[in-house]
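Report on one structure; see the data block that follows.
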Amino acid sequence: MSDDRPEVQQEPDLDAEAVEAGRLLFAQECAFFWAATTANDLPPIELPEIAFLGRSNVGKSSLINALTGRNALARTSNTPGRTRQLNFFRLGDRMTLVDMPGYGYAKVSRTETASWVRLIDAYLRGRPTLQRLCLLIDARHGFKDSDRDWMKMCDQAAVSYQIVLTKADEPKQSELERTRAAVAKEAAGHVAAHPVVLETSAREGRGIPELRAMLARLAESGS
Ligand SMILES: Nc1nc2c(ncn2[C@@H]2O[C@H](COP(=O)(O)OP(=O)(O)OP(=O)(O)O)[C@@H](O)[C@H]2O)c(=O)[nH]1
Ligand SMILES: [Mg+2]
């Protein structure tokens, strides 16, 4: 299966024009408009959607805040398991961003974990407007088994996903490069994974213009 796949790309192929399109997209008003706790209360199908998924505490809410340039749009926390529902944010009249509950946090009750898994699973499988999932991976740790489980699920459901390393300000450069190479290599074996692995730091703003640019391309193609 991997023979006809493109080579693993280390850097996104983005020019100044694409970066500017990303800046303009994310300069628009962004506001929370909907929260869903079950698959039955998802918002109506409307704009193209980008969802942010990853382990608890990986930095999903912080990344949404960094993309939109708003410190407190999505609620962030030192306590893992903080985001407990699917939170929908409307970005101008172009796109919807979806902040999801994290997985893999042992201290959340089994019942609650099971209900989040059902909710995320139902959303990913049944959302025609979902353009891409950003699967966030902590740059200090790389893939864990729970990430692999969700990647398999996305492959099966044909949900196209983009791997985004978070907290890239934390590891040493050499460790970061090792983790990125390992993540890119493993992602290349997954049919629905986008070949570019982006490195970001919500804290330092690293990789944010590039991610905005990639999402702007999707907004164009989806509307
Ligand atoms: N060093 C560093 N820390 C970060 C970065 N992004 C987020 N964090 C920290 O990581 C912790 C979790 O961030 P959140 O954005 O709340 O993570 P989350 O994935 O939304 O967490 P849940 O909603 O609980 O699943 C917070 O203490 C953030 O300050 C980053 O780029 N660099
Ligand atoms: Mg969160």
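Its first residue numbered 991, the sequence shown is counted upward by one per residue in the working numbering.
Beta carbons: idealized from backbone N, C-alpha and C, even for Gly.
None of these values were measured; they are calculated from a predicted model.
Only residues of its own chain outside the window of five on either side were considered, and among them Arg1122, Cys1124, His1184 have a CB closer than 6 angstroms to the CB of glutamine 1152, listed in chain order. Counting C-beta pairs with one atom in each stretch, the segment 1103-1115 and the segment 1184-1195 have fewer than three that are closer than 8 angstroms, which means they do not touch. DSSP places alanine 1104 within a helical segment (H, G or I) once states are collapsed to three. Contact between tyrosine 1113 and leucine 1076 holds: CB atoms are separated by about 6 angstroms, below the 8 angstroms threshold. In the displayed model, arginine 1072 falls within coil according to three-state DSSP, outside both helix and strand. For the options Thr1156, Asp1135, Gln1146, the alpha carbon positioned closest to that of glutamate 1176 is the one of Asp1135. Between the segment 1023-1032 and the segment 1093-1104, the count of C-beta pairs closer than 8 angstroms stays below three; the two stretches do not touch. Your pair leucine 1043 and threonine 1156 does not check out as a contact, with CB atoms roughly 12 angstroms apart and the cut at 8 angstroms. When the Cα atoms are used, valine 1186 and alanine 1174 turn out to be separated by approximately 8 angstroms.
Here arginine 1170 carries a helix assignment [DSSP, helix/strand/coil].
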